[in-house]
Each structure stands twice: as C-alpha cells, then as structure tokens.
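Chains as they are written, first to last, in my numbering: chain A, 88 to 539; chain B, 61 to 538. First up is the structure itself, then whatever we jot down about it.
Now the structure itself:
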C-alpha cells in the first residue's frame, strides 16, 4: 500500500515545523509545502517519443531570529530528517547579519477570504488520452501543408498540485491548481533550408484547451510562412510586435518594476513612480484574481490577498510590484505580489499582467506601415535592466506598403526599453491570455534594425 | 580513486538486490536499455547586498529516476521516495512504453569499475565549510569593489555551492557512483555618475572548494573586475549596427562555439534531422584555422565529469578538425540509434529529468596568430571580450550572443568602449569567416549554465583571440 499523505498531514507537518522552529529559538517562521503530479507525453513522427510521470513534494522553511533570517527546503519529510532540517536552518540564520527590514507581514494584512478562482480542474487524463491528443496535434500540423517534412514533435502535459502556506503569525492558507497544455513544433523545408516554429494551448481547465487540430494548423501556418527568409539591410524603421513577442516587452517591464530590482538600483525605472512612462492610451493591469488565470491565486507568497490593480494608468506608472520586504525598502506597502519558490525568501513578481487592448485591428496596424518590420520571434538575452538598453535577435516579416511582403531572419532590433515604451504608437484589439503575461499586437514608432 | 558506488548505496539506503530487482522489472525483452539514477544533492547559497550578507538558503533533495528506452521511445518516471515500493512503481511506469508485462528476472549489476579518473577530489567538500567563511569572503568583496572606485554605488555578490552524490545502475550491468562538487562566486557592481547608471559583472568557479577563491585572494580580483566593467560602461558609446569584422577575446567569448555549432552537433537533433548541421559530417563548416573539441576530462572545470549520468567515462571529442565536421556528441540512446560511438555526453539536470546529449567544456584549440596582430588587422570593427547569454535556433542555425564588454576598433587600435549589443549569425557559416586564430587559448572562469528542454547543466567554454571577418552587430548607431 502506498503511503498516502492527505491534506491534513501537510497542514500538520507545517504546524509541527513552526513549533519546532520556535523550540530552536526562532522568533518567527513560515512554512510552504507543495506537492504535485505530472504526466508529460511527447510524440514525434506519429510515435510515442517520451513519457514522463512523476509525483513530487517539497517543503520550505524560513526562520527569523529577530532580524536574522535563513531559508531552506527539502523533499525528505521523514520525522528525523525534519528535526535535523529545522536545526540546520536555524543554524544558518545565525551566520547572516541582522537586516532591520526583515520580518513577516504584520497581522491584519493576511488573506481571510478564499473565493472560488477556477484554477483547479480535477479532470484526470489517461496516458493514452494524452498520447492521442499529442498525436492528433502533430497529424494536423502535417496535414495542413505538404512542406511540413519533419517535426520536433507534439507534447501534451497535465499537472495538478497544491500549495500550503503557514506562518507563526497564525496564517494558514492553501489552494490547489491544475494545468493542461498541448503544443506541436513542425519543421518545414524547401530547397534552401529548414524552418521551425510551434504553437500551443495552455489552460487550467481541460475543457477550455484548444482542439489539437486548431493547434496543429496554427503551428503549421506559423512555420511555413518562414520559408525563404532573408536578411534585410540595416535601417531605422517602425516595428510591430505580434502578441507573442509583445508579451516579452511586458515581461521586461515586470522585471524593471520588481521592488527588488528597484531598491538595489538595478532597474531603469528607478524614481519613475507617478511619472508618464508611456503614451496616454497605454493602461496595464496586474490581476491576481482573474478567474481561471494562469497567474491567479488567492494569496501571494507571504499570505497577503492578491488583487486587481492598475500598474500603468493612461501612461502613468502607478505602482511597483512589491512584497513586504522590497516595499519597506522603498517606503511603500506590499502590493500582494510576493512570488515564492519553495525554500527561498520571497521576491516580487506579476500575477496575470496585461495591457488593455486598443481599438485598431492587427491587420490595420500592418496596413499603416509603409516600410517596416513585423516581429514574430526574438532570441537572446541582450537586455540590460539597469540601463534599459535592448538588443535582440529577431525574425518575422518585412512590411512593404502595408503588407507582409516576405519573411526575414538573422537581424537584430535595438533600442532602449524606456524609449520603446514611450514609442508605442498603436495597440491592437487582439488580447488573448496564453500565459501569465499577455499583450495585444503593439506598434513602436521606430527601432534600429541591423542586418546586411 | 575508488568508484563511490558502495558509499553512495549506503547513503541512499538501497540494497544491491533492490536495484537488481527494479532493473529486472523494467528491462523486459522489448526494452533496449534501462537505468536507475539515484541522486542526493545539497546546495547552499549566501548572498550579499547593500554591504551586508542578509540571505542564506539551503536546499536538500534526493530521489531516483527510472528510465527505459525501446527503439526511439523513452519511458521515464521519478520519485523522491526511495523505498522498494516506490522503485517498483517508477519501474512499472517507465516500462509503459514497452507495452509489456513486468519482468521478473533481476538484472545482475556486476560491472563496478573504478572511476576512470578523479577530476575533482572532494576531500574538503565545500558544503562542509562553515557558512561564516563564505560570509567573510563576501564582506571583503563589498569593501574591495567600493574601494576600487567611489562611483560604485552597490555591490551584490552570491556564493553558491553544491554537493551532489550520484549513482547510476544500468541494464548493461554497470553500476558507478560519483561525488560532484560545484561552486560559483558571482559579483555584480552598479556604478553611478551624474544620473548615468551602469552595471558590471564578474564570476567564476568550478568543481572546486572555497580555497580556490582564497588562493591569491582571487575573490578580490573578481570584485575589482566587476567594478572595472561597471566603471568602464559609464563612458560607453552607442554600439554600431550592421555587418563588420569582430575580434573576440579569449575565454568566455567561446560561448560563440557553444551556440553557433555546439548545440547543432548534439546527436539528438541530428538523429531527428532537425539540425542545420544534419548531413554535414565530413563537410567543411569552418575555416582551416578552426579545430574545436568538447572535453569533459579537464580537472576542476565546471563542465567536467568523471563519468556522465549514464556511467560512461567522459572524453575529448573532436567536433571540427581543421574546418571539417568530424563528430557529434552522444548519449547511449542516440549513439545506439545512429550507430556511432558513445562519447560520454549523456547528462541530466537531476533525477527529475531525462538524459540528453549535452556539451561539457567546448573550446577551440590555439592557433598561431599574435593577438595584437589580430586587433591590428581590423580597420573598423568591434572587439568583444565579455558576454552575457546566448541562444540558438537549431533548425535554421541562427544564433545570438550578447556582448557586455566591447570596444570599437578603429585603424587597428582599440578605442572607445561601446554599450552592449547582440551579435547574430548563422551557425554553419560563421566559422568559415574565422580568418585568424590567436595562440592565446583561454578557458572561461567557470560560470556557464546551459539550458536545453528546460534542463540546466553546468558547462565550460574556451576560445583563443579570433578574428571573424563579418558578423551582424546589433547596435543602435547606423
């Protein structure tokens, strides 16, 4: 008989760790426990390629000795190991220096209501069902165009898990979530070479996942259109980001708005709170309570309630992303954005972070450009968060007289993020959540393109 | 050194019999190969910012991954419990792809060779060193960086150390264990002058202990180097945009090789024919000045291993010999399917991940040119000596890597520092444009982490000074 660890046991383990920490002299502590199950199926060229199945668990403990603190994590939940674990974590805290700002959030701030957020779907998929979904997606990709000659495969994953957070101020919260995803990565070839792209769906509810056929067809559409890509000459032109890559611009914004980057002086948005950082038609929200959202959760990594809040309102920066610690460093209250990896102290990050859509259809945005670049892929890490300097490898399409004329590759686009946000000229109507960060099509007035 | 198999077994609390039974359960006739990979990993990190060491974290994990391969199929399961019951469940799950009932005959594991070499003696495992020693070192780094220049406004440093015990038992009857220490020290400085803020970083490490950083006060040199880069960037001008000659300095710029050709030569992509290098074996893919190897046998290096994660001794594999593509790097699965040698490059991030063919330390052998002559040969171009990360699209061969310290070359002289810029090129083409290779081969400081299919593994790179006749530089200045 497999040892089943029930919900009750985990909350008991959490309480037990808190009291052991106290016995070791800790003045405060918090415990996070996570467990989960994953089934991942990869198929390739119509056959099963890889099957991965796992169940795992992990717990993290953070202890405070007045203003000294340390964190640790372990996957070994046996009684003896946990006793040693608590002792070692407490010893570690003695090795660091006092940090006057450290500590748990004060009582009265914690989440007390736990509304239904639709982030857990109890559907259990069978292995064969997942194989079938992945096979169908890959088949649809091949069927959609004869130039698809090879494939990196289709993948169908399902996972579910639980998070339990408890601390010595009496907070105890837990939630379950689930995720279902399906993707396929076809390869197209012609006389000149090969191109690869992919498409995917991901949802907390299995019933809301796009059909494998729709995902396969879209993957092929995105792949074959890249065939025959060429370089273009170095120039300064308007650049349109398709929604997938536009999301990365919001991702960089999140990094720059993280309280930790700000107080360390490692963000190009230092001192910009209340300032205009984008045109007045740009509004950006972070919404931790969006029903079914991939970033949705009832409380953050410190137990504070999540919320919906404007980050940028009509172009003005209204908030940073803060947890208690980074907030204190900046003299501001937490925004409920504590992100937490098991066994780490909190950091600050987005929940569901998105730009409010505009009124221009994406095809009208393309039509508005005489000569320019439509970007569909970005690679590399050429972003300096301290200065905002931006330089990344790009591919996409050259726009000639308002139409996508031909695919381009082996070019870079460069600028400075601060200016890039200011340079937003048009926002599309096409906001779709396919991750925690979502953005419609965005047109920037101009960027430097390096090519031939 | 002895094979650490017996010590490791004791740590995992598993008996020979249990291992042989689990292997027997998974290795049915339709399974070509199966293995059990046990891992215990303890890591500790201390970090300093604003002049105080305020964070310390520790992580302990252990588990087992069970894998079966049949034809091109891989079945894989892992568990963080090591009881016979959990081993058997994982074995049954991994066997699912074989569509067969469980095996009943234990697989004897009798081949227990001594480790082929001892590249990273762990007598004084760094994890055992008192945290306070590391804290002392970080504090000194802060003081040194600020002393370097008053314009240094913040110093962040982190010391990560890891102690990993692995044991792999395979259906070939092999059992081998290893202890793999790994440490890294990273320093980031932020400089500020008249509202202009710039960042500089420096780091290093390997399969070494604290004493490596203490030798000759190397940690203080790290602090000065990070501070120097931040101060330098205060006066950086906009980087140029367009195609131009680029001189790469020695060491870490070897990330070019990792991105441009290394990934493209991993066997899995070539078996699936999804790599831009598929079908190029024996063909000329680089200038004659280029000979490139992947070598997992260098003592103390971050990318080195005594044996890979399938128990195969690591080796030195010639990838490109005087411009000709000679070989791929392989794991057991891909070597078997392609009918080529096993090179000892089967690696995994942890027991939770499957084995993939991965690089170890990838570098270009020294050439004959004087580095000074290489710089002098460029009329107008870029000299790049330090890089951030890179990335490659295996299929179309396009790769990027981003400079974090670079200078303009004007009339053969290094002139102004320029802001960071991304360089982009085509993997199968770029090395044909290498016209000069310096005699100054240098390996990197030991900071590289390579990502593939979501798995991170430590790697090394190396390069002598080289001249690339043309590559696209992604600056902002026309």
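Using N, Cα and C, we set each Cβ at its ideal position, and we do this for glycine too. Note that the coordinates shown come from a computational prediction; the quantities given were computed from them, not determined experimentally.
Contact note: residue 537 (chain A) reaches chain B through 301, 302, 532, 533, 534, 535, using a C-beta cutoff of 7 angstroms and chain order. Assigned with DSSP and collapsed to three states, residue 132 (chain B) falls in coil, not helix or strand. The alpha-carbon separation between residue 174 (chain B) and residue 236 (chain B) amounts to approximately 8 angstroms. In the three-state reduction of the DSSP assignment, residue 222 (chain A) falls in the helix class.
Per DSSP, the continuous beta strand (DSSP E) segment holding residue 423 (chain B) begins and ends at 421-424. Residue environment: residue 211 (chain A) is assigned as exposed (fewer than 16 neighbouring CB atoms within 10 Å of its CB, all protein chains considered). Collapsing the DSSP output to three states places residue 276 (chain B) in a helix. Taking CB atoms only, residue 282 (chain A) has a neighbour in chain B less than 8 angstroms away. Closest by C-alpha distance to residue 438 (chain A), out of A:272, A:188, A:379, is A:379. Residues of the same chain with a CB within less than 6 angstroms of the CB of residue 126 (chain A), apart from the 5 flanking positions on each side, are 140, 245 in chain order. By a beta-carbon distance limit of 8 angstroms, residue 195 (chain B) contacts residue 182 (chain A). Their separation comes to about 6 angstroms. Secondary-structure assignment with DSSP links residue 440 (chain A) through a beta bridge to A:373, A:524. The stretch 168-239 of chain A contains no complete beta strand (DSSP E) run of 3 or more residues.
In this structure, residue 491 (chain B) keeps its C-beta atom at 8 angstroms or more from the C-beta atom of residue 311 (chain B). Within the stretch 302-319 of chain A, no residue places its CB atom closer than 7 angstroms to a CB of chain B.
Annotation for residue 338 (chain A): the continuous alpha helix (DSSP H) segment containing it runs 330-344. Where residue 473 (chain B) is concerned, the enclosing beta strand (DSSP E) starts and stops at 473-478. For residue 414 (chain A), the enclosing alpha helix (DSSP H) begins and ends at 411-417. Per DSSP, reduced to three states, the secondary structure at residue 418 (chain B) is coil, with no helix or strand assignment. Across the structure, residue 177 (chain B) and residue 237 (chain A) are spaced so that their CA atoms are roughly 41 angstroms apart. In the assembly as shown, residue 439 (chain B) is an exposed residue. Its beta-carbon has fewer than 16 other beta-carbons within 10 Å. Residue 155 (chain A) is a Cβ neighbour of residue 185 (chain A), given a cutoff of 8 angstroms. For residue 212 (chain B), no chain A residue has a C-beta closer than 7 angstroms to its own C-beta; the minimum C-beta separation is roughly 11 angstroms. Looking only at B:101, B:105, B:127, the smallest Cα-Cα distance to residue 413 (chain B) is reached by B:127. As a beta-bridge residue in DSSP terms, residue 234 (chain B) pairs with B:171. Where residue 389 (chain A) is concerned, there is no enclosing alpha helix (DSSP H), because DSSP gives it neither an H nor an E. Between residue 194 (chain A) and residue 152 (chain A), the beta carbon gap of about 20 angstroms keeps them out of contact (Cβ cut-off 8 angstroms). For the pair residue 454 (chain B) and residue 336 (chain B), the CB atoms are nearer than the 8 angstroms cut-off. The beta carbon of residue 186 (chain A) sits closer than 8 angstroms to some beta carbon of chain B. Within the model, the alpha-carbon separation for residue 214 (chain B) versus residue 167 (chain B) is close to 58 angstroms. Counting other Cβ atoms within 10 Å of its Cβ, residue 295 (chain B) stays below 16 and is therefore classed as exposed.
Inter-segment contact for the stretch 292-309 of chain A and the stretch 473-483 of chain B is absent: fewer than three beta-carbon pairs are separated by less than 8 angstroms. When only Cα atoms are considered, residue 519 (chain B) and residue 405 (chain A) end up about 42 angstroms apart. Look at the beta carbons and you see the stretch 284-294 of chain B not touching the stretch 384-401 of chain B: under three pairs across the two are nearer than 8 angstroms. Positions of the beta strand (DSSP E) runs, each at least 3 residues long and wholly inside the stretch 369-404 of chain B, are given as 376-381 in order along the chain. Cβ-Cβ separation between residue 468 (chain A) and residue 524 (chain A): approximately 17 angstroms, too far for a contact (criterion under 8 angstroms).
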